[in-house]
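Take a look at the structure set out below.
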Amino acid sequence: MANVDLQYSSPEMRNRVDRISDLPLHVLHHILSFLPTEHAVRTCLLSSYWRNIWRFVHTLYFDESFDDTIEEKPQFDFTKFVDSVLILRDPSHLQKLHLNLVDLSVGESRVNIWIRYSMNHNVEVIDIVNESHGYFDLTPCIFTCESLREFKLNGNSLNLSASICLPALKVMHLYEVCFENGQLGEAFFSAIPSLETLILEDCIFDDYDIELITIFACQLKTLIMNGDYPRSVEIFAPVLISLELNSDDSTPESIRFKSDIIHLKDVKVSLPASCFESIIQLFTVLKNAHSLALRGRFLLSFTHELLVAPSLLECIQASSCNLRWLKLGTEFSNAEILAINTILSHSRQVETIKLVNEVSKDECGTTTGKYFQAEKVWLKYKLPHLKSVEIQDFRGSENEMKFVKVILENAVSLEKLVITASYSGSETMTEFINRKNKMVETGKKLLTYERASSSVGILFV
1 MANVDLQYSS PEMRNRVDRI SDLPLHVLHH ILSFLPTEHA VRTCLLSSYW
51 RNIWRFVHTL YFDESFDDTI EEKPQFDFTK FVDSVLILRD PSHLQKLHLN
101 LVDLSVGESR VNIWIRYSMN HNVEVIDIVN ESHGYFDLTP CIFTCESLRE
151 FKLNGNSLNL SASICLPALK VMHLYEVCFE NGQLGEAFFS AIPSLETLIL
201 EDCIFDDYDI ELITIFACQL KTLIMNGDYP RSVEIFAPVL ISLELNSDDS
251 TPESIRFKSD IIHLKDVKVS LPASCFESII QLFTVLKNAH SLALRGRFLL
301 SFTHELLVAP SLLECIQASS CNLRWLKLGT EFSNAEILAI NTILSHSRQV
351 ETIKLVNEVS KDECGTTTGK YFQAEKVWLK YKLPHLKSVE IQDFRGSENE
401 MKFVKVILEN AVSLEKLVIT ASYSGSETMT EFINRKNKMV ETGKKLLTYE
451 RASSSVGILF V
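Going by full-length UniProt numbering, the sequence shown opens with residue 1, and the numbers climb by one from there.
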């Protein structure tokens, strides 16, 4: 361990009272739990009082990329350091083990020894980040850790054991994880009866031809899936509260809900509506949602579903009656405007609307006439409870202007309208001046629109 220069720069500093050392030990342990273990151990050099305090910290954070900032530092032996800490620390309860592995120079067997140590000390949280270019096999006993409450894995394979029993696990967060064998199915989730939060981000399914995952979790409250998807997803989660299904590229062929979800409050979807086995079933699931976020990919395909299935309107009406907060990503094409107006016309309780213009810079102004005739997309409706509207990346297109006009004319309780103009950091001075002049004229025009609410404030920036 490198020496630390503890010489103070002035007599005044030497005479200062050491207030931190007067804190109760449990408070000091809590403070040190927020530090990387390499830094926590260094506190033993402060004084004889601090020599053993680090040993009783219940959180261990080991980072193989640890960069000692002291000049002329000796070679840092990560493996030896971790082994020493595990030997010297108080052999009591371990709350959390975090491992950040850079090149796996420590070896797979050593990593699994550390994991087994944590399990033998009733670890509650295991967080493993693999930044190397290869995978390693996790010890199978990690799938039978009775004390484990939270499991995070980043950048590694997950070779599912035939024997799984995680009775206390409540949170599982998998990021860029490759599933080597077995499927995430009913048997897997049945072995995790307490699971409340499941996050799958950019996981890899296609390398091993995993076509279906069945999320069967009776206690699941939060489900987040971002990035890649298998071909089909089935969801059985009757007490689900928050649902997020996002992807910029990958689209599953089928997403199916296998249970009623009566407690669902917060929903974010950026997948096309066609990904859902039944769009009517989706809106039935949304019937109690208070907040809803949809991207343009969903809105566009939703419009086509609406045209071929007029009965969908009844489901929308039933699913929108509790909606209070709505965020929509859109290119303001006519097809999307129809979808937006259809949703708003049945969302009489909505209080906040946020729109984000998703038109790329080189497509600006080209979306107005796409897909449908303009006169067919504007519906008549009132928004009696709407108080706040925000539009980001506003470009002043015809549909944007008309949407603002409709909102101002129909939102009788509107308190604020915030419009943020689009800006490109790469534009030339001439482009900047032209854009600024255009936005000034646009702002002046917006101020001439009639307003149903006498107290609305308009901010255009």
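In this text, a Cβ means the ideal position worked out from N, Cα and C, and glycines have one as well. Bear in mind the structure is a predicted one, so any value in this text is a computation, not a measurement.
Taken through DSSP and simplified to helix, strand or coil, residue 317 comes out as helix. At least 9 Å separates the beta-carbon of residue 336 from that of residue 396. For residue 256, the enclosing beta strand (DSSP E) has its first and last residue at 254-257. Exposed is the label assigned to residue 133, since fewer than 16 other Cβ atoms lie within 10 Å of its Cβ. Rounded to the nearest whole angstrom, the CA to CA distance from residue 138 to residue 197 is 22 Å. Comparing C-alpha distances from residue 423 to each of 358, 62, 294 and 121 shows the shortest one belongs to 358. In this structure, DSSP gives residue 139 a state outside helix and strand, which the three-state scheme calls coil. Sorting 386, 404, 391 and 312 by C-alpha distance to the C-alpha of residue 412 places 386 at the top.
Using a Cβ distance threshold of 9 Å, residue 343 and residue 355 do not count as a contacting pair.
Under the 8 Å Cβ criterion, the segment 41-60 counts as touching the segment 76-89, having at least three qualifying pairs.
Rounded to whole angstroms, the Cβ separation of residue 97 and residue 60 is 5 Å, and the two are in contact under 8 Å.
For residue 339 against residue 379, the beta-carbon gap comes to about 11 Å, at or over 8 Å, which does not count as contact. For residue 391 and residue 283, the gap between their C-alpha atoms comes out near 25 Å.
No residue range can be given for residue 289, since it is assigned to no beta strand (DSSP E) and is classified by DSSP as neither H nor E. For residue 173, the beta-bridge partners assigned by DSSP are 152 and 199.
Residue 318 has its alpha-carbon roughly 44 Å from the corresponding atom of residue 145. At a cut-off of 3 residues, the continuous stretches assigned as beta strand (DSSP E) that sit fully inside the segment 84-110 are 96-101.
When rounded, the separation of the alpha-carbon atoms in residue 302 and residue 245 is 15 Å. A check of alpha carbon separations from residue 435 across 461, 140, 329 and 163 identifies 461 as the nearest. Residue 241 sits away from residue 260, with the two beta carbons spaced by 9 Å or more.
The beta carbons of residue 254 and residue 276 sit closer together than 9 Å.
Residue 251 carries a coil assignment under DSSP once its states are collapsed to helix, strand and coil. Judged by beta-carbon spacing, residue 321 lies beyond the 9 Å limit of residue 281, meaning their Cβ atoms are not closer than that value.
With contacts defined as CB atoms closer than 9 Å, residue 111 and residue 136 qualify as a contacting pair. In summary, residue 221 is buried, with 16 or more beta-carbon neighbours lying within 10 Å of its beta-carbon over all protein chains present.
Between residue 195 and residue 169, the beta carbon gap of about 6 Å places them in contact (Cβ cut-off 8 Å).
Inclusion of residue 65 and residue 131 in the CB contact set at 9 Å is warranted, their separation being smaller than that value. In the DSSP assignment, residue 445 falls within the alpha helix (DSSP H) that extends over 429-446. C-alpha of residue 30 to C-alpha of residue 93: approximately 14 Å in a straight line. A distance below 9 Å separates the beta carbons of residue 229 and residue 205.
Only residues of its own chain outside the window of five on either side were considered, and among them 312, 313, 338, 339 and 342 have a CB closer than 8 Å to the CB of residue 306, listed in chain order.
Taking 9 Å as the cut-off, the Cβ atoms of residue 286 and residue 268 do not count as close.
Around the beta carbon of residue 247, 16 or more other beta carbons sit within 10 angstroms, so the residue counts as buried. Considering only 36, 42, 49 and 39, the residue with the shortest C-alpha distance to residue 25 is 49. The Cβ-Cβ distance between residue 179 and residue 212 does not fall below 9 Å.
DSSP, read as helix, strand or coil, puts residue 229 in coil.
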